Structure formats: C-alpha cells, structure tokens
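Residue numbers (this note's numbering), protein chains in the order written: chain A, 1 to 101; chain B, 1 to 176.
For glycine and all other residues, C-beta sits at the position ideal for the given N, C-alpha and C.
Small disclaimer: the values here were computed from a predicted structure and weren't measured.
This is the structure we're talking about:
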C-alpha cells in the first residue's frame, strides 16, 4: 500500500468533513461530519504507525484514545440536540437562540 | 494482512471508492437517515482498511465502537427528531455554500500538492534498521495491551474517567 494514496484519501475525508460541518443546517448532520473528521485523523495515525513505528505502535494507541473521545462526544452531542429539540421543536443550527432572553 | 498484489490493490480501490462515495453521501443526501446509513458504510470501509494495513486491534475497536455504538446513537438521534423539517431548505444553494466549497477544495488541493513533495521514505530509511533488530514474536494486540498497561496507564485511566463523566452528563441532560 502506498503511503501517499492513503494520505490523499484521508485529506479528502477531512476536507469533505469540514465542508459538511460548515454548510449543514441540521445539528445531527454536523455531528456526522465531525465523525468524518475524527476518522480521517485516525486513518493518518494508523497509517503512520504502520509505516514508521512498527515496533512501538504509539499511533495505534493514540487512535484508540481518539476513538474513546469520539464515543464521549457522540454520547454528549445527541443528548444536547434532543434537549434543544424538546425546548424548541427544531434542530436547525441557525435558529438556536436558547440563551436569548 | 499479506495478500498477493492484485487482490490487495483491488481491495484498496474498492474500499477507497466506497469511502469516497459514502462520504459524499453523508454530506449531500437530503434525508439525514440515509446519510446516517452512509456514515455507517464509511466507518465499515475504514475498519476494513485498518485490517488491510495490519492493525487488527484498531479495526476491531473501530467496528465495535463506531459502527456498533456511535452510528446507532446517531441513527437514534435522527429517528428521534421530526422528519418533516428536513426537506425545507435543501435545494437552495447559497453564497456561503459556494465560498465554503471553494475554501475546502483549495484546502484539499494544497494538501495533495504537499503530500508528494514531502520525502516520507527518508524518514522510513532512518527508522528501519532499528525495527529489524528489535523484531520479536508477540503480536500487535499483545503489544498494544502491554503499552496500555505500562507506558500509557495514566492516559488510559483518564480516558475511562472522561467517558464515565460524559455518559453521566449525557443521561443528566437527556432525562430532565
């Protein structure tokens, strides 16, 4: 497996995640695009660990930490979204003014 | 996994095309439930990709945590919301979308022009002899377990505390 091909694939996933995170109007879709960005970072970690650090595998361990952080984020995010939806009956990003009094 | 060359390349192209189409589907499909299933396809392709690059433990963790837990949570969150508001303003393409797509395309192009210019194989040749001398017979998963319980013990405990606090906070937010 060529290293550059995997890096190009990861860069593609990262940029399309950034695009979806900025342009999506639905909060759940923004969470999905955040998962895409975290996955592109994980692909880079695992690939560099396989190529450069075959003995110590620090990249694999760090990608496990990233997966755990993503699990915490995916537990918090839908809880906040469902709380906002219960109060506002809407999950659009540009209409969330809950702090407005 | 040490497959012969053409099968390896075919699997790589197959997984790469699945990943590209799936991630386009996550961003561009109008209905969020389809984009959630497309996210599941992307995560599954990434897990097979880790198997191809010889890191089995991360592949199993990806398949269990991402596809099994996070994707199910996201599908649950999509199904919890009302479906009628999703179709309202999908078709309008505003100026902000165009600017954002231009910025992201320029980011992608700058990244893929930077990647071939960097001399990765110089780094490989400086670290390679070290690895051949120290090669031994324990597998990758055993090595990850040893590192997690010796060198990375404090981050491991911290990550478990963070996960516990996040889950309790999620329950406390969602049940009020």
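Separation of the CB atoms of residue 26(B) and residue 17(B) is rounded to 15 Å, and the pair is thereby denied contact status at 8 Å. The beta carbon of residue 95(B) sits no closer than 9 Å to any beta carbon of chain A.
Using a 10 angstroms sphere on the CB of residue 158(B), the tally of other CB atoms stays under 16, which defines it as exposed. Collapsing the DSSP output to three states places residue 29(A) in a helix. If the five residues before and after residue 22(B) are omitted, its C-beta is found closer than 6 Å to the C-beta atoms of 38, 41, 42, all from its own chain and listed in chain order. Contact residues of the segment 24-41 of chain A toward chain B are 24, 25, 26, 28, 29, 31, 32, 33, 35, 36, 39 (C-beta to C-beta distance below 8 Å).
Proximity of chain A to residue 101(B) at the Cβ level (cut-off 9 Å) is accounted for by 19, 23, in chain order. Contact note: residue 142(B) does not reach chain A at a C-beta cutoff of 9 Å; the least C-beta distance is about 10 Å.
Among the CB atoms of chain B, one or more fall inside 9 Å of the CB of residue 58(A).
Straight across, the Cα-Cα distance linking residue 52(B) with residue 46(B) is about 10 Å. Against residue 7(B), chain A offers no close residue; the least beta-carbon distance is about 13 Å (beta-carbon pairs closer than 7 Å). Between the C-alpha atoms of residue 71(B) and residue 85(A) there is a straight-line separation of about 20 Å. Taking a Cβ-Cβ threshold of 8 Å, the residues of chain A close to residue 54(B) are 50, in chain order.
Close to chain A, meaning a Cβ-Cβ distance shorter than 7 Å, are the following residues of the segment 107-124 of chain B: 107, 108, 111, 112, 115, 116, 120, 123, 124.
Residue 47(A) is a Cβ neighbour of residue 3(A), given a cutoff of 9 Å. Note on residue 66(B): 16 or more other CB atoms within 10 angstroms of its CB, so buried under the neighbour-count rule. In this structure, residue 13(A) places its C-beta atom within 9 Å of the C-beta atom of residue 19(B). For residue 143(B), the enclosing alpha helix (DSSP H) has its first and last residue at 140-149.
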